[in-house]
Amino acid sequence: MLNNIAFVFAASYLHRLSLAVLKDPEVALRASILFCFNPASIFYSSIYSESLYALLSMGGLYYFMHGADNCATFLLALSGSARSNGVLSVGYICFRTMQQAYDALFLRKRAFSLLQVIFSGALRSLCIVVPFISFQAYGYLNICMGLSPDERRPWCKARLPLLYSYIQSHYWGVGFLRYFQVKQLPNFLLASPILSLALFSIIYYVKLWPEDQEQLVCQRKKLSNIRQDDSTLRQRKRAIKGEKSVALQSKSAAVDRLKCVPVAILPFVLHLSFMVATAFFVMHVQVATRFLSASPSLFWFASHIMGSSGSGKRWGHFIWAYCATYIFLGSLLFSNFYPFT
Numbered sequence: 326m327l328n329n330i331a332f333v334f335a336a337s338y339l340h341r342l343s344l345a346v347l348k349d350p351e352v353a354l355r356a357s358i359l360f361c362f363n364p365a366s367i368f369y370s371s372i373y374s375e376s377l378y379a380l381l382s383m384g385g386l387y388y389f390m391h392g393a394d395n396c397a398t399f400l401l402a403l404s405g406s407a408r409s410n411g412v413l414s415v416g417y418i419c420f421r422t423m424q425q426a427y428d429a430l431f432l433r434k435r436a437f438s439l440l441q442v443i444f445s446g447a448l449r450s451l452c453i454v455v456p457f458i459s460f461q462a463y464g465y466l467n468i469c470m471g472l473s474p475d476e477r478r479p480w481c482k483a484r485l486p487l488l489y490s491y492i493q494s495h496y497w498g499v500g501f502l503r504y505f506q507v508k509q510l511p512n513f514l515l516a517s518p519i520l521s522l523a524l525f526s527i528i529y530y531v532k533l534w535p536e537d538q539e540q541l542v543c544q545r546k547k548l549s550n551i552r553q554d555d556s557t558l559r560q561r562k563r564a565i566k567g568e569k570s571v572a573l574q575s576k577s578a579a580v581d582r583l584k585c586v587p588v589a590i591l592p593f594v595l596h597l598s599f600m601v602a603t604a605f606f607v608m609h610v611q612v613a614t615r616f617l618s619a620s621p622s623l624f625w626f627a628s629h630i631m632g633s634s635g636s637g638k639r640w641g642h643f644i645w646a647y648c649a650t651y652i653f654l655g656s657l658l659f660s661n662f663y664p665f666t
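The numbering of the sequence shown is the working numbering, which starts it at 326 and goes up by one.
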């Protein structure tokens, strides 16, 4: 029951996050509905940490997009406590820090502001990785301390003793290209739909990147003004008008494309790209269906395809068929203790 409640709130946060990023109610609604019927649904309704992780990560990203960095950092740190891949959320903080550092150094030309940005970014990044570090320290203190060097496990003697990495590598065979075996071909086929969808979404978002870099700088400057240079009412009105004009330009310049400022969606694409590369080259590849199931940009792309005309509708039918098939297979296989993801 708690998992289902967390799942409902995660879908709600995804919808609100999609509205904040895409500025398109239809795409946002379809994305949240698609998330409710995602191919890894069995893990969101069983005793797994997926629902809690999705809730904390979606909520953290929602507050991240609204500039509530402290609340976002807290939720993203908790997501790292729910699942180890939550530590990757530190990339969003780093991206925001680099943006603000650029504005402070080149646009406002304030060295003190630059130091403030770097310090706050480093502190928030540390908060997000603290749960992961704490788990490693707990394992080291309980397993390695108090033993003679001869009695210690190999990972205790490593320069960087990581319990989680050792367990995955030693007992599960996780490692770079270690899963590339002929006998694992069925698992690659099992993960091929979600990996293909993720790859096409990354390519699509890359094509959205503006060819004119001056336009990108202009967009970043206007968005920065909205966040930081609104000390007076007149400045706030100008910033809001600037934001609306940027959104309108994006809509008119990109027909049948996602209606968003490319720089706003970039950290989500980078996060998805890293996760796809990790799932394909390092992990047990069949876990990709579950591993990528809480990535917002994946659902945004699928939602955009479903709302397109022509061949997009046919691909939309394929996506729905894929989700329905994996929901059925996942429920059947997982509940009978067969490997699914």
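Where a beta carbon is used, it is the ideal one built from N, C-alpha and C, also for glycine.
Being a predicted model, the structure only gives us computed values, none of them experimental.
Residue i - containing alpha helix (DSSP H), residue span
i	result
Ala-345	327 to 347
Met-423	415 to 427
Through-space distance from residue j to residue i, alpha-carbon basis
i	j	result
Ser-570	Ala-426	Any reading at Ser-570 is ruled out, since the residue's pLDDT is 47, under 50, leaving its predicted position unreliable.
Ser-549	Cys-396	Confidence at Ser-549 is low in this model, with a pLDDT of 48, below 50, so its placement is unreliable and no value can be given for it.
Ser-633	Val-352	10 Å
His-340	Cys-481	44 Å
Gly-464	Leu-377	23 Å
Gly-392	Gln-509	44 Å
Met-600	Phe-616	8 Å
His-495	Phe-659	25 Å
Pro-486	Gly-637	49 Å
Arg-545	Ser-656	Since pLDDT at Arg-545 reaches only 49, below the 50 mark, its modelled position is unreliable, and the value read off the structure follows with that caveat. If you take the alpha carbons of Arg-545 and Ser-656, they lie about 45 Å apart.
Cys-469	Gln-493	18 Å
Phe-606	Leu-347	31 Å
Arg-484	Phe-501	20 Å
Phe-444	Thr-422	9 Å
Val-531	Ser-521	15 Å
Thr-398	Pro-456	12 Å
Val-610	Pro-621	20 Å
Ser-517	Asp-428	41 Å
Leu-514	Val-507	12 Å
Val-612	Ala-365	10 Å
Ser-628	Cys-648	13 Å
DSSP three-state assignment for residue i, whether helix, strand or coil
i	result
Trp-640	helix
Met-600	helix
Ala-300	Outside the displayed span of the chain (326 to 666) sits residue 300, for which this structure offers no information.
Lys-434	coil
Gly-632	coil
Val-594	helix
Phe-662	coil
Ser-445	helix
Val-607	coil
Ala-589	helix
Trp-534	coil
Ser-450	helix
Ser-620	coil
Asp-555	For Asp-555, the predicted model reports a pLDDT of 42, less than 50, meaning its position is unreliable; a value from the coordinates is still stated below. The answer is coil: DSSP assigns Asp-555 none of H, G, I, E or B.
Lys-546	Only weak support exists for where Lys-546 lies, its pLDDT of 47 falling under 50; the coordinates are left without a value.
Leu-573	Interpretation of Leu-573 is limited by its pLDDT of 41, a score under 50 that renders its predicted location unreliable; the figure taken from the coordinates is listed afterwards. Helix, per DSSP.
Leu-541	Interpretation of Leu-541 is limited by its pLDDT of 48, a score under 50 that renders its predicted location unreliable; the figure taken from the coordinates is listed afterwards. In the structure shown, Leu-541 sits in a helix (DSSP, three-state: H, G or I).
Ile-652	helix
Please go through the segment 454 to 530 and give each complete beta strand (DSSP E) segment of 3 or more residues, from N-terminal end onward.
none
Contained alpha helix (DSSP H) runs [length at least 4] in the segment 349 to 408, N- to C-terminal order
350 to 361, 366 to 370, 375 to 390 and 394 to 407
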